[in-house]
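Colleague:
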DNA sequence: CGGGCAGAACTAGTATACAAGTCGCTGTCG
DNA sequence: CGACAGCGACTTGTATACTAGTTCTGCCCG
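Chains as they are written, first to last, in the numbering used here: chain E, 218 to 458; chain Y, 218 to 458.
(1) Using 9 Å as the threshold, is the C-beta distance between residue 362 of chain Y and residue 311 of chain Y below it?
(2) Can you tell me which of Y/326, Y/339, Y/404, Y/266 puts its alpha carbon nearest to the alpha carbon of residue 394 of chain Y?
(3) Going along chain Y, which residues have a C-beta under 9 Å from residue 289 of chain E?
(4) So residue 306 of chain Y and residue 314 of chain E are supposed to be a Cβ contact under 8 Å. How far apart are they, rounded?
(5) Where residue 260 of chain E and residue 234 of chain Y are concerned, what is the direct C-alpha to C-alpha distance, given to the nearest angstrom?
(6) Can you tell me whether DSSP reads residue 394 of chain Y as helix, strand or coil?
(7) Tell me, which residues are paired with residue 290 of chain E by DSSP?
(8) When we look at the beta-carbon of residue 404 of chain E and count the other beta-carbons within 10 Å, is it buried (16 or more) or exposed?
(9) When the Cα atoms are used, what is the spatial distance from residue 251 of chain E to residue 387 of chain E?
(10) In or out: residue 383 of chain Y buried (at least 16 other Cβ within 10 Å) or exposed?
(11) Are residue 290 of chain Y and residue 326 of chain Y touching if we call contact CB-CB under 9 Å?
(12) Ignoring anything shorter than 4 residues or poking outside the region 354-431 of chain E, list the alpha helix (DSSP H) runs there in chain order.
(13) For residue 380 of chain Y, which residues in chain E fall below 8 Å Cβ to Cβ?
(14) Just to confirm the assignment, what range does the alpha helix (DSSP H) spanning residue 252 of chain E have?
(15) Pull up the distance between the alpha-carbon of residue 232 of chain Y and that of residue 272 of chain Y, whole angstroms please.
(16) Is any beta-carbon of chain E found at less than 9 Å from that of residue 241 of chain Y?
(17) Pull up the distance between the alpha-carbon of residue 224 of chain Y and that of residue 236 of chain Y, whole angstroms please.
(18) So what does DSSP say about residue 322 of chain Y, is it helix, strand or coil?
(19) Please list the terminal residues of the continuous alpha helix (DSSP H) segment that includes residue 268 of chain E.
(20) Please determine, among Y/397, Y/299, Y/441, Y/238, the residue with the shortest C-alpha to C-alpha distance to residue 332 of chain Y.
(21) Return the residues of the region 363-388 of chain E that lie within a Cβ-Cβ distance of less than 7 Å from chain Y, sorted by chain order.
(22) To the nearest angstrom, how far is the alpha carbon of residue 219 of chain Y from that of residue 265 of chain Y?
(23) Give a yes or no on whether the C-beta atoms belonging to residue 319 of chain Y and residue 418 of chain Y are separated by under 9 Å.
(24) What are the residues that DSSP puts in a beta bridge with residue 296 of chain E?
(25) Does the beta carbon of residue 275 of chain E come closer than 9 Å to any beta carbon on chain Y?
(26) Return the residue from the list E/308, E/298, E/365, E/242 that minimises the CA-CA distance to residue 432 of chain E.
(27) Are the C-beta atoms of residue 418 of chain Y and some chain E residue less than 9 Å apart?
(28) Determine the contact status of residue 303 of chain E and residue 356 of chain Y, defining contact as a CB-CB distance below 9 Å.
(29) Taking all protein chains shown into account, do 16 or more other C-beta atoms lie within 10 angstroms of the C-beta of residue 380 of chain Y, making it buried, or fewer, making it exposed?
(30) Starting from residue 247 of chain E and walking both ways along the alpha helix (DSSP H), at which residues does that stretch end?
(31) Between residue 405 of chain Y and chain E, is any beta-carbon pair separated by less than 9 Å?
(32) With a 10 Å radius around its C-beta and 16 neighbouring C-beta atoms as the bar for buried, classify residue 334 of chain E as buried or exposed.
(33) Identify which residue in Y/280, Y/253, Y/230, Y/336 has its Cα closest to the Cα of residue 373 of chain Y.
(34) May I have the straight-line CA-CA distance separating residue 240 of chain Y from residue 420 of chain Y, to the nearest angstrom?
(35) Within the 9 Å Cβ cut-off, does residue 307 of chain E reach chain Y?
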């Protein structure tokens, strides 16, 4: 039972399985900011040795989602507003550049995919996690219109902090309807060929996260990193607080 | 003697030392595209165990600089023109967005740093590696002007393929004078407040790499990945070819 | 009862051992 | 002479052992 946590019949290496599992749990806040991640403990819980766990933590540390303190411990990093802003800038730059680079006539099948995606977003009472996945696919689809879908992978790898902030904002709003309207506006402008309006709408849409950060930080400051150079505390204190 | 290759008195972990060494050697083509990287061999040569070598290769693989084929081998990836274009798009998007976001009045000390940098670039007979470092610092400095220096780290991590292509172009041109002129033009326009000209000049500057790729690929196709899905060959064939 | 020091218990970093798979070479058989 | 089977030398993936360091804990002493 224990050994099956990472997936029994996957062809992929266990490192990849562990990595994807941990990344998902961090991004969904199932592993909250500040949580201690013991290599030994994770290895035992997932039924693998330290090696794949450790390699996964190294990759997550490279993304900024985890902080490793040698001889002390590894911890889920707190959401850093500075990194949120950095990732937002990068993302906005890429998505706006893609809008600028739209071809005169769009690929009809890609446009249809986006329409289908938007329809799904409009489902009443949609699960927030499902909406989040559709949101990601929508933006990736927009990049695809201009032939720059590959850039999305880099953006994804860099926007871990941003995603956690967005998710907090989404849970807080409890309804994604405002985002759906913005998505529709961007899509309509892009397909109509109104690059200027598409740009403006995209900017507004992507910058909404800044409001979320401020609002949620006031209520739940423990999720965010403070200015003080905080030194990690040992497990017995940090683990379930 | 052998054990000192990774650095004797560094405080950093040996993983970091190995990673930085390998990354540098790949980017400078000292380890040419297609070269086989045996974990055991590297470990022996660097005087460390497989562990830090392996973890470094995983990180390099994540950047796309190395390809790992389980049970077959690890190889320096060939320069992929598609990935060069992807990285170029990302980089251009970020640098142009930064130029759009320049404050009305620039930080004088940052401007001075850029001027000093440009002067150094103009040294006659400058070493190409030194120029490359100055080039990197120049572009990072431009980002700093708009307060988005942190985005540079992400760009750097994503532009491994691009950097190798740029380096090939630089070695091919044998003189960086054309680049220096472009840098000067961008800098002058930015400090003069002419955002439009700065954008145009930056675009031209950053897109020069496409010409390099075409020209060098015609002469040295073995450095680039071909369209065919090439399967790696074993060491005994690939190693010193 | 309080303070300080020693050691237990934990951490990650590194080294080594083992497992599982790929592929080239060679010897043998058709 | 050619095809093929099997052995062996390699590869990376995973597990385990050991090292060096940090921190909490609890005993001992004042």
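Quick reminder that beta carbons are idealized off the backbone N, C-alpha and C, glycines included. Remember, it's a predicted structure, so these values are computed and weren't measured experimentally.
Modeller: In terms of the structure at hand:
(1) Taking the second chain and counting its residues from 1, the one referred to as residue 362 of chain Y is at position 145. Taking the second chain and counting its residues from 1, the one referred to as residue 311 of chain Y is at position 94. Against a cut-off of 9 Å, the Cβ pair of residue 311 of chain Y and residue 362 of chain Y comes out as no contact.
(2) For the purposes of this step, residue 394 of chain Y is identified with residue 177 of the second chain, where counting begins at 1. Of the candidates Y/326, Y/339, Y/404, Y/266, the one whose C-alpha sits nearest the C-alpha of residue 394 of chain Y is Y/339.
(3) As a position in the first chain, residue 289 of chain E is number 72, starting the count at 1. Ordered by position in chain Y, no residue passes the 9 Å Cβ test against residue 289 of chain E, which lies about 14 Å from the chain.
(4) As a first step, residue 306 of chain Y must be located in the second chain, where it is residue number 89. As a first step, residue 314 of chain E must be located in the first chain, where it is residue number 97. That pair is a contact at about 7 Å.
(5) The residue you call residue 260 of chain E lines up with position 43 of the first chain. The residue you call residue 234 of chain Y lines up with position 17 of the second chain. Whole-angstrom Cα-Cα distance: 26 Å.
(6) By one-based count along the second chain, residue 394 of chain Y stands at place 177. DSSP places residue 394 of chain Y in helix when its eight states are reduced to three.
(7) Position 73 of the first chain holds residue 290 of chain E. In DSSP, residue 290 of chain E forms a bridge with E/286.
(8) Here residue 404 of chain E refers to the residue found at position 187 of the first chain. Residue 404 of chain E is buried by the Cβ-count criterion.
(9) Residue numbering aside, residue 251 of chain E sits at position 34 when the first chain is read from its first letter. Residue numbering aside, residue 387 of chain E sits at position 170 when the first chain is read from its first letter. Residue 251 of chain E and residue 387 of chain E: Cα-Cα distance of roughly 21 Å.
(10) Residue numbering aside, residue 383 of chain Y sits at position 166 when the second chain is read from its first letter. Answer is buried; the Cβ neighbour count reaches 16.
(11) As a first step, residue 290 of chain Y is located in the second chain; it is residue number 73 there, counting from the start. As a first step, residue 326 of chain Y is located in the second chain; it is residue number 109 there, counting from the start. Against a cut-off of 9 Å, the Cβ pair of residue 326 of chain Y and residue 290 of chain Y comes out as no contact.
(12) 368-375, 377-390, 394-409
(13) On the second chain, position 163 is the one that residue 380 of chain Y refers to. Going along chain E, no residue has its Cβ under 8 Å from residue 380 of chain Y, so there is no contact; the nearest lies around 14 Å.
(14) Residue 252 of chain E sits at position 35 when you count from the first residue of the first chain. Unbroken run through residue 252 of chain E: none, as it is neither H nor E.
(15) Walking along the second chain from the start, residue 232 of chain Y turns up at place 15. Walking along the second chain from the start, residue 272 of chain Y turns up at place 55. Rounded to the nearest angstrom, the two C-alpha atoms are 7 Å apart.
(16) One-based indexing of the second chain puts residue 241 of chain Y at position 24. It does not; no Cβ of chain E falls within 9 Å.
(17) The residue you call residue 224 of chain Y lines up with position 7 of the second chain. The residue you call residue 236 of chain Y lines up with position 19 of the second chain. Any reading at residue 224 of chain Y is ruled out, since the residue's pLDDT is 42, under 50, leaving its predicted position unreliable.
(18) Mapped onto the second chain, residue 322 of chain Y falls at position 105. If DSSP states are grouped into helix, strand and coil, residue 322 of chain Y belongs with coil.
(19) Residue mapping note: residue 268 of chain E aligns to position 51 of the first chain, counting from 1. 267-280 is the extent of the alpha helix (DSSP H) around residue 268 of chain E.
(20) Here residue 332 of chain Y refers to the residue found at position 115 when the second chain is read from its first residue. When each option's Cα is compared against that of residue 332 of chain Y, the closest is Y/397.
(21) 365, 367, 368, 371, 375
(22) Here residue 219 of chain Y refers to the residue found at position 2 of the second chain. Here residue 265 of chain Y refers to the residue found at position 48 of the second chain. Caution applies to residue 219 of chain Y, whose pLDDT of 35 falls short of 50 and renders its modelled position unreliable; the model cannot decide the point.
(23) Locating residue 319 of chain Y in the second chain gives position 102, where the first residue counts as 1. Locating residue 418 of chain Y in the second chain gives position 201, where the first residue counts as 1. No, the Cβ-Cβ distance between residue 319 of chain Y and residue 418 of chain Y is not below 9 Å.
(24) Position 79 of the first chain, counted from the first residue, corresponds to residue 296 of chain E. Paired residues: E/441.
(25) For the purposes of this step, residue 275 of chain E is taken as residue 58 along the first chain, with counting starting at 1. It does; some Cβ of chain Y falls within 9 Å.
(26) Stepping through the first chain from its first residue, residue 432 of chain E is reached at position 215. The shortest Cα separation from residue 432 of chain E among E/308, E/298, E/365, E/242 belongs to E/298.
(27) The count along the second chain starts at 1 and reaches residue 418 of chain Y at position 201. No, residue 418 of chain Y lies away from the interface with chain E (no Cβ there is under 9 Å from its Cβ).
(28) For the purposes of this step, residue 303 of chain E is identified with residue 86 of the first chain, where counting begins at 1. For the purposes of this step, residue 356 of chain Y is identified with residue 139 of the second chain, where counting begins at 1. In this structure, residue 356 of chain Y does not lie closer than 9 Å to residue 303 of chain E by Cβ.
(29) Reading the second chain from its first residue, position 163 is the one you call residue 380 of chain Y. With 16 or more Cβ atoms within 10 Å of its Cβ, residue 380 of chain Y is classed as buried.
(30) Here residue 247 of chain E refers to the residue found at position 30 of the first chain. From DSSP, residue 247 of chain E is part of no alpha helix (DSSP H); its letter is neither H nor E.
(31) Residue numbering aside, residue 405 of chain Y sits at position 188 when the second chain is read from its first letter. No, residue 405 of chain Y does not count as interfacial toward chain E.
(32) What you label residue 334 of chain E is simply residue 117 of the first chain in a count that begins at 1. Buried: at least 16 other Cβ atoms inside 10 Å.
(33) By one-based count along the second chain, residue 373 of chain Y stands at place 156. Ranking Y/280, Y/253, Y/230, Y/336 by Cα distance to residue 373 of chain Y puts Y/280 first.
(34) The residue given as residue 240 of chain Y occupies position 23 in the second chain. The residue given as residue 420 of chain Y occupies position 203 in the second chain. Going by the C-alpha atoms only, they are around 27 Å apart.
(35) Taking the first chain and counting its residues from 1, one reaches residue 307 of chain E at position 90. Answer yes: the Cβ-Cβ gap between residue 307 of chain E and chain Y drops below 9 Å somewhere.
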